[in-house]
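The numbering used here puts the sequence shown at residues 373 to 636. What follows is a short report on a single structure.
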Amino acid sequence: MLFSDFALAEGIVSGLAARGITTPSPIQAESLPFSLEGRDILGRARTGTGKTLAFALPIVTRLSPSRERGRQPRVIVLSPTRELAKQIAKEFMLLGGLEVVEVYGGSSYMPQQRALSRGVDVVVGTPGRVNDLLERRDLDLTAVEIVVLDEADEMLSMGFQEQVETILATTPQTKQTMLFSATMPRWVERMAQKYQSNPKKIDLVGNDDSVQNTTVQHVAVRISPNHRTKVLADLLTVVGPERAIIFTRTKRDCDELALALIGR
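Now the structure itself:
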């Protein structure tokens, strides 16, 4: 199955192909036929399985771009962390067509307030900052057509239950709601029952409570700090991954390692 088999705009399919993305992941293949029709989705899948495209593609396909200044958002996407919010916003921007604003704590209110006042189609944010903007009346969700809760179980574990429920209560009763979670604790199930109507249920985890990606191989290499960059560069050369994520202890370590690898 290919993305071209779905009712996606030709420009979206060609844009994905230009990025080397032609085949949908299981969560995308299972959900797209229903989400493209506007049906609610209750998806259970592990982190890193392509959930962002699973909800971003139908949103970009179904909503027509608007240039009306000061327009209220038609989509609200909630994520547990600013890092995930930034990744989601970036994916929407890569797909193109819709005006996207990302809102999260740890950054100034003013740029986010200005962006919202200019008019926006999609708001991607963390529950805490979205709730703050609602209280300040800088954000109005009464025109929302689609709501997405990404990694809902993580929002629960981080204590965002009250904020999430407050946010959802401000959205219209008639809307499409897509909820994705790796696990289904009672609160997540209650949210689905309360805010979804006959959702398409997709479970790609089953009875595996560990929620561990079995395709990941773990290897430990003991080295001295002085040789760390060289060994890492050699490993990347030998393994040759098309994509890789490297975590460091501090921002300074991250900057130094990035410069060293670029230099190689």
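Even for Gly, the Cβ is constructed at its ideal location relative to N, Cα and C. None of the values given here were measured: they were computed from a predicted structure.
Is DSSP giving residue i helix, strand or coil here?
{"i": "V495", "result": "strand"}
{"i": "Q444", "result": "coil"}
{"i": "E474", "result": "strand"}
{"i": "F378", "result": "coil"}
{"i": "D575", "result": "strand"}
{"i": "L629", "result": "helix"}
{"i": "V536", "result": "helix"}
{"i": "V502", "result": "helix"}
{"i": "V593", "result": "coil"}
{"i": "L488", "result": "helix"}
{"i": "L511", "result": "coil"}
What residue range is occupied by the uninterrupted alpha helix (DSSP H) comprising residue i?
{"i": "I617", "result": "Run containing I617: none; DSSP gives neither H nor E here."}
{"i": "V560", "result": "R558 to Y567"}
{"i": "L604", "result": "R600 to V611"}
{"i": "L404", "result": "P398 to S407"}
{"i": "I518", "result": "Note, I518: premise wrong, no alpha helix (DSSP H); beta strand (DSSP E) at I518 to L521."}
{"i": "M465", "result": "R454 to L467"}
{"i": "P544", "result": "No alpha helix (DSSP H) contains P544, which DSSP labels as neither H nor E."}
{"i": "L528", "result": "A524 to S529"}
May I ask which residues mark the beginning and end of the beta strand (DSSP E) holding residue i?
{"i": "F552", "result": "Q548 to S553"}
{"i": "L369", "result": "Since the displayed the chain opens at 373 and closes at 636, residue 369 lies outside it and no answer follows."}
{"i": "V432", "result": "Careful: V432 lies outside any beta strand (DSSP E), inside the alpha helix (DSSP H) at K423 to R434."}
Output needed for residue i: all residues of its chain with C-beta closer than 6 Å, excluding positions within five of it in sequence on either side, in chain order.
{"i": "M530", "result": "P452"}
{"i": "Y476", "result": "R454, A457, G497, T498 and R501"}
{"i": "F532", "result": "P499"}
{"i": "G468", "result": "none"}
{"i": "N598", "result": "none"}
{"i": "D637", "result": "Any question about residue 637 goes unanswered here, given that the chain covers just 373 to 636."}
{"i": "V603", "result": "I595"}
{"i": "S376", "result": "V385"}
{"i": "Q444", "result": "D512 and A515"}
Give every residue of the same chain whose Cβ lies closer than 7 Å to the Cβ of residue i, excluding the five residues on either side of it in the sequence, and list them in chain order.
{"i": "T620", "result": "C626 and L629"}
{"i": "V583", "result": "Bear in mind that the predicted position of V583 carries a pLDDT of just 48, short of 50, making it unreliable; the figure below should be weighed with that in mind. Result list for V583: R418, A554, T555 and V577, in chain order."}
What I want to know is whether the C-beta of residue i ends up closer than 7 Å to one or more non-hydrogen atoms of the ligand GTP.
{"i": "R490", "result": "Only the bare structure without any ligand can be found here, which leaves the ligand GTP out of the picture."}
Would you mind giving the Cβ-Cβ distance between residue i and residue j, rounded to the nearest angstrom? I have them listed as a contact below 8 Å.
{"i": "D510", "j": "L488", "result": "6 Å"}
{"i": "E471", "j": "A461", "result": "About 11 Å; that fails the 8 Å criterion."}
{"i": "L450", "j": "I539", "result": "7 Å"}
{"i": "G338", "j": "G491", "result": "Any question about residue 338 goes unanswered here, given that the chain covers just 373 to 636."}
{"i": "V495", "j": "I431", "result": "Not really, about 12 Å apart at Cβ, beyond 8 Å."}
Within its chain, find whatever has a CB closer than 8 Å to the CB of residue i; leave out the 5 residues flanking it on each side and keep chain order.
{"i": "I558", "result": "According to the sequence displayed, residue 558 carries Arg and not Ile. Closer than 8 Å at Cβ, skipping near neighbours: no residue."}
{"i": "V593", "result": "V603 and L607"}
{"i": "G478", "result": "R454"}
| request: Would you check if there are 3 or more beta carbon pairs closer than 8 Å linking the region 419 to 433 to the region 395 to 410? | output: Counting Cβ pairs under 8 Å, three or more are found: they touch.
| said: Three Cβ pairs or more, each shorter than 8 Å: is that satisfied between the region 512 to 520 and the region 543 to 553? | reply: They touch, by the three-pair rule.
| field | Stretch pair the region 380 to 398 + the region 479 to 487: three plus CB contacts closer than 8 Å | value | With a cut-off of 8 Å, the region 479 to 487 and the region 380 to 398 do not count as touching, because too few Cβ pairs lie within range.
| query | Are the region 405 to 417 and the region 563 to 572 touching, with three or more C-beta to C-beta distances below 8 Å? | reply | The region 405 to 417 vs the region 563 to 572: in contact.
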